[in-house]
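The block underneath contains the structure these notes are about, expressed in structure tokens.
Next comes the structure, spelled out in structure tokens:
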């Protein structure tokens, strides 16, 4: 969310940014919000003047009423002053009501005007214009055929989607045996990996209030993702980033407390609306999964350095598990409205012979901090808005796909990379049951 003062001073910059995001239908909102802002400031000024007059008029009425007791000719003047006090009070009530209505309308528009993207972001209408920046590890296609990921899991008696369908419907699964253990091993390894990078481990609330949801994401994303608890002001989180950033709502942090570097575990719940292709079935796109996340709250001048560090952490983790990856820069049209800059880390799929998304690293600038009223008291005693960033450490359902495909051997066994062996009881290889 942009500061109204920034829009006031830079309307053309805001309009050009909207064009770069291919959201031309929002351009008229800039002039609309400026009109409302001008009207609101005018009403605030008038209301301030009326409040200043109130005490003076009240004293004048008291004085005239006192004089009228001795001189009846003053009564008419006193009544006129009383009438003016009432008229001012009525007008002030009108202005206060108008101010509330205008501020609500201004806030509503500000919530949908997109954040200013970083100058380095490539311009394009959708994800087809995303740009590959770098590859890490050699993508290999083995000579033997690699089955679909659920087939691999079934050979280990490791998944039961039919039973999950009977219990909860489509988009859910049971993981069992070695596959379930592998799932938890990846989470535990990623937790310790991030702790080793100096991040503080956290388990957050898995439900959050509506004002936190509004603070961390756009309305469009909220409607597409979030499950609401019926009859309560609570939503199931779609990612622990939501409750982790929400941890600082309405807080004033001391500058020496920055940066806040947290890594969090949580289950995640998502509607995942819309039809999906064959490659997005199985455990690729589901309603419930678990994830390790990283978030940073930092000084504005440090956020791009943290952005660089965070996506590189993802690369390092996946490479330690012998999974080739690439960094894909998200173009302007593929950025959600709050995002300043974002990239995906994609893992190599030897079965599909292409890369697919496993991590998403984002610099939100001060958008979330402004929405959630997160402030930092600087060394000069003045408050400023910090920047917030988030990145997936690992989401095991998709990680499992990449892991199984890249570590599958010709005899159907799955190699366990050295980094993961301590979390798998020392096993060097997983042997299928079928």
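In the numbering used here, the protein residues as written are 150 to 583.
Note that the Cβ used here is the ideal one computed from N, Cα and C, for glycine as well.
In this text the structure is predicted, and so the values were computed from the model without any measurement.
Which two residues bound the contiguous alpha helix (DSSP H) that contains residue i?
i: residue 476; result: Residue 476 -> not in any alpha helix (DSSP H); beta strand (DSSP E) instead, spanning 474-478.
i: residue 466; result: 452-469
i: residue 304; result: 298-304
i: residue 341; result: 326-345
i: residue 512; result: Counting along the chain, residue 512 falls outside any alpha helix (DSSP H), though it belongs to the beta strand (DSSP E) covering 503-512.
i: residue 389; result: 389-395
i: residue 595; result: Outside the modelled stretch of the chain, which goes from 150 to 583, sits residue 595, for which no answer is possible.
i: residue 363; result: 359-365
How big is the Cα-Cα spacing for residue i and residue j?
i: residue 427; j: residue 158; result: Confidence at residue 427 is low in this model, with a pLDDT of 49, below 50, so its placement is unreliable and the value that follows should be read with caution. Looking at the two C-alpha atoms, the distance is approximately 49 Å.
i: residue 375; j: residue 440; result: 16 Å
i: residue 150; j: residue 259; result: 6 Å
i: residue 425; j: residue 284; result: With a pLDDT of 48 at residue 425, under the threshold of 50, the predicted position of this residue should be treated as unreliable, though the coordinate-derived value follows. Whole-angstrom Cα-Cα distance: 27 Å.
i: residue 300; j: residue 554; result: 11 Å
i: residue 467; j: residue 337; result: 14 Å
i: residue 325; j: residue 312; result: 12 Å
i: residue 577; j: residue 322; result: 26 Å
i: residue 514; j: residue 233; result: 49 Å
i: residue 537; j: residue 237; result: 45 Å
i: residue 118; j: residue 287; result: Missing from the structure shown is residue 118; the chain here goes from 150 to 583 and no further.
i: residue 492; j: residue 580; result: 36 Å
Here's the rule I'm using: 16 or more other beta-carbon atoms within 10 Å means buried, otherwise exposed. How should residue i be labelled?
i: residue 463; result: buried
i: residue 282; result: exposed
i: residue 154; result: exposed
i: residue 481; result: buried
i: residue 298; result: buried
i: residue 307; result: buried
i: residue 291; result: exposed
i: residue 490; result: buried
i: residue 391; result: buried
i: residue 332; result: buried
i: residue 583; result: exposed
i: residue 512; result: buried
i: residue 456; result: buried
i: residue 400; result: exposed
i: residue 395; result: buried
i: residue 431; result: buried
i: residue 314; result: exposed
i: residue 516; result: buried
Hey, could you find the ends of the beta strand (DSSP E) residue i is sitting in?
i: residue 538; result: 536-543
i: residue 496; result: 490-498
i: residue 524; result: 524-526
i: residue 282; result: 280-285
i: residue 441; result: 437-447
i: residue 411; result: 409-418
Pairs of beta-carbons, one from the region 535-548 and one from the region 496-511, closer than 8 Å: are there three or more?
yes
Stretch pair the region 440-449 + the region 403-414: three plus CB contacts closer than 8 Å:
yes
On the three-pair Cβ rule with 8 Å, is the region 508-528 touching the region 349-368?
yes
With contact counted as at least three CB pairs below 8 Å, one residue from each stretch, are the region 179-197 and the region 250-259 in contact?
yes
Does the region 485-503 come close enough to the region 554-567 to have 3 or more Cβ pairs within less than 8 Å?
yes
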